[in-house]
Ligand code: UN1
């Protein structure tokens, strides 16, 4: 498990990536797409890689005045952008997608190095960005509404969608760029302008995206203020959430954070789109194809080191196959290659920081106090290549669903094994028996079981999969979940509607003025 990556070629590799993506030693606090601001006199944050502890670069942190400046610029840009025909806006997004294709390897590498996910997943993340650009380009010619027949003669009714204004995007460290792009590219073709506050843990990938976008904006002679970036901490998120000038705030992260955003936006009757914690389960029935299931379970539980909101956290296994599944997992887990995320043999990189490691260790301690049995893993790795203290061995714990720790989302690679007996309904009840409702899956070749899982008394999650794991959703579907996951939907399908304001229009082309519901209201003249 020792890391094999050579440090010298890596330094060169990272230096090249930073240069290609325009990352400086010290980066300004905000960008309005064309212009960077907040060059000095701000507090700073130095970003180190969770992979090896090396400093990548420093960012200036925006203050309240910077925020205000960005909002004002965005308001001006909105006046221009909303008048640009939607397919033309789509053309700009198409060019952004092309630019992302060109920088896919470099950006994927920076995602990997700054956040800690393995390079393959870094590339996957950039691919999600490219895919949503393609989706948004098509969407730019399909922002459609319904027409309805009026109850009144010679009247026509229809519905249309108009741009909303400024969309605030608060993104999390675990998908530092993809989730922003899901929001930003759709919002952009919808005619909105975007203010992005990336996670303060991973702002550099955000800076890189702004540089990429800048080239496109310049070539298209577009004004500043359409795609904005503001680097800051929770204070900036709070300003945005309370700000009436921002009609929609889309936030991804913990339920704790989401509640704060939701309350602040709700208090001013703004719109919020929340994509918060998950507590995702895979059900394994007696009819599961175990070979397939095993791959999905391991990818879901340890992929991104358990730091996806879609990560598999609970495995609900029929008692008749429980021992067999446990044995198979216990064979695979100890051999999973843990190491530097840019080493091509690694499958598990580090956790984002030491706080995440502490949360992992504390959860394991608490769940054992509650009666759980740690079957494998749980160690914090040290020694050669693991000096950062951010690498852990993924854990498997035998547990019961009602345990407090099992009910929580611990953002780390802990997989709880839970036994069920009898019919699939019992497994579904366990699966639904948590506060969160993002993703869920069943492995079964029985139509009766899989249809029950998908039925109206089945999974209560926003995502329910059959013979596929809980993570790794495609961008074409609406992404999000129920209950404490927040209820928002991003990405594909008709998720675009939240980025627009809806208007119902009734047009009278007669010479009379009949009232709806047959009401008589004749005035004398
Ligand atoms: C997230 O973890 O916030 O479905 C997003 C997935 C990815 C997106 C995850 N496409 O796992």
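Numbering (the working numbering), first residue to last: 4 to 528. Where a beta carbon is used, it is the ideal one built from N, C-alpha and C, also for glycine.
For residue i, count neighbouring C-beta atoms within 10 Å of its own C-beta (all shown protein chains included) and say buried if the count is 16 or more, exposed if not.
{"i": "residue 17", "result": "buried"}
{"i": "residue 69", "result": "buried"}
{"i": "residue 372", "result": "exposed"}
{"i": "residue 217", "result": "buried"}
{"i": "residue 6", "result": "For residue 6, the predicted structure reports a pLDDT of 49, less than 50, and the residue's modelled location is therefore unreliable. A value from the coordinates is still provided. That one is buried."}
{"i": "residue 386", "result": "exposed"}
{"i": "residue 527", "result": "exposed"}
{"i": "residue 468", "result": "buried"}
{"i": "residue 195", "result": "buried"}
{"i": "residue 57", "result": "exposed"}
{"i": "residue 493", "result": "buried"}
{"i": "residue 45", "result": "buried"}
{"i": "residue 399", "result": "buried"}
{"i": "residue 338", "result": "exposed"}
{"i": "residue 82", "result": "exposed"}
{"i": "residue 15", "result": "exposed"}
{"i": "residue 519", "result": "exposed"}
{"i": "residue 237", "result": "exposed"}
{"i": "residue 134", "result": "buried"}
Cβ of residue i within 7 angstroms of any heavy atom in the ligand UN1?
{"i": "residue 311", "result": "yes"}
{"i": "residue 182", "result": "yes"}
{"i": "residue 36", "result": "no"}
{"i": "residue 255", "result": "yes"}
{"i": "residue 283", "result": "no"}
{"i": "residue 131", "result": "yes"}
{"i": "residue 202", "result": "no"}
{"i": "residue 362", "result": "no"}
{"i": "residue 186", "result": "no"}
{"i": "residue 449", "result": "no"}
{"i": "residue 175", "result": "yes"}
{"i": "residue 495", "result": "no"}
{"i": "residue 481", "result": "no"}
{"i": "residue 455", "result": "no"}
{"i": "residue 475", "result": "yes"}
{"i": "residue 138", "result": "no"}
{"i": "residue 178", "result": "yes"}
Does the beta-carbon distance from residue i to residue j come in below 8 angstroms?
{"i": "residue 205", "j": "residue 260", "result": "no"}
{"i": "residue 446", "j": "residue 470", "result": "yes"}
{"i": "residue 443", "j": "residue 283", "result": "yes"}
{"i": "residue 380", "j": "residue 396", "result": "yes"}
{"i": "residue 164", "j": "residue 347", "result": "no"}
{"i": "residue 170", "j": "residue 190", "result": "yes"}
{"i": "residue 367", "j": "residue 378", "result": "no"}
{"i": "residue 431", "j": "residue 404", "result": "no"}
{"i": "residue 351", "j": "residue 308", "result": "yes"}
{"i": "residue 281", "j": "residue 441", "result": "yes"}
{"i": "residue 509", "j": "residue 158", "result": "yes"}
{"i": "residue 322", "j": "residue 424", "result": "yes"}
{"i": "residue 235", "j": "residue 203", "result": "yes"}
{"i": "residue 466", "j": "residue 476", "result": "yes"}
{"i": "residue 80", "j": "residue 229", "result": "yes"}
{"i": "residue 62", "j": "residue 76", "result": "no"}
{"i": "residue 484", "j": "residue 464", "result": "yes"}
Pairs of beta-carbons, one from the segment 171-179 and one from the segment 82-94, closer than 8 angstroms: are there three or more?
No contact exists between the segment 171-179 and the segment 82-94.
Quick test of the definition: if touching needs 3 or more C-beta pairs under 8 angstroms, does the segment 275-287 touch the segment 101-108?
When Cβ pairs closer than 8 angstroms are counted between the two stretches, the segment 275-287 is seen not to touch the segment 101-108, the count staying below three.
Scan the segment 26-84 and note each continuous alpha helix (DSSP H) run of 4 residues or more that stays entirely inside, going in chain order.
Fully enclosed alpha helix (DSSP H) runs of 4 or longer: 67-84.
Three or more C-beta pairs below 8 angstroms linking the segment 50-69 and the segment 13-33:
The answer is yes - the segment 13-33 touches the segment 50-69, with three or more Cβ pairs under 8 angstroms.
So, does the segment 311-319 touch the segment 286-302, judging by three or more C-beta pairs under 8 angstroms?
A contact exists between the segment 311-319 and the segment 286-302.
Please determine if the segment 433-449 and the segment 397-414 are in contact, where contact requires at least 3 C-beta pairs separated by less than 8 angstroms.
With a cut-off of 8 angstroms, the segment 397-414 and the segment 433-449 count as touching, because enough Cβ pairs lie within range.
At which residue ranges does the segment 190-221 contain complete beta strand (DSSP E) runs of 3 or more residues, listed in the order of the chain?
Along the segment 190-221, the beta strand (DSSP E) occurs as fully enclosed runs of 3 or more residues at 196-200, listed in sequence order.
Touching by the beta-carbon criterion (3+ pairs, under 8 angstroms), the segment 217-229 and the segment 35-48
Between the segment 217-229 and the segment 35-48 there are three or more inter-stretch CB-CB distances shorter than 8 angstroms, so the stretches are counted as touching.
Is the segment 180-196 touching the segment 123-142, taking contact as three or more C-beta pairs under 8 angstroms?
The segment 180-196 and the segment 123-142 touch, with no fewer than 3 CB-CB distances between them shorter than 8 angstroms.
Using a Cβ distance threshold of 8 angstroms, determine whether the segment 331-349 contacts the segment 500-515, with at least three qualifying pairs required.
Contact fails: fewer than three Cβ-Cβ distances are below 8 angstroms.
Does the count of Cβ pairs from the segment 242-251 and the segment 259-273 closer than 8 angstroms reach three?
Verdict: yes, contact present.
Three or more beta-carbon pairs under 8 angstroms between the segment 324-339 and the segment 286-295, yes or no?
Yes, the segment 324-339 is in contact with the segment 286-295.
Is the number of C-beta pairs between the segment 348-360 and the segment 43-54 that are closer than 8 angstroms three or more?
The segment 348-360, when compared against the segment 43-54, does touch it at the 8 angstroms Cβ threshold.
Residue ranges of each alpha helix (DSSP H) within the segment 253-310, 4 or longer:
If we require 4 residues or more, the alpha helix (DSSP H) runs fully inside the segment 253-310 come out as 258-270 and 293-305.
Segments assigned alpha helix (DSSP H), at least 4 residues, entirely inside the segment 442-476
Listed in chain order, the complete alpha helix (DSSP H) runs (minimum 4 residues) inside the segment 442-476 are 450-457.
Those runs of the alpha helix (DSSP H) which lie wholly inside the segment 335-413 and span at least 4 residues:
Complete alpha helix (DSSP H) runs here, min 4: 357-372 and 407-410.
If you scan the segment 127-175 from start to end, which runs of the beta strand (DSSP E) of 3 or more residues do you find wholly inside it?
Qualifying beta strand (DSSP E) stretches, in chain order: 150-152, 158-166 and 169-173.
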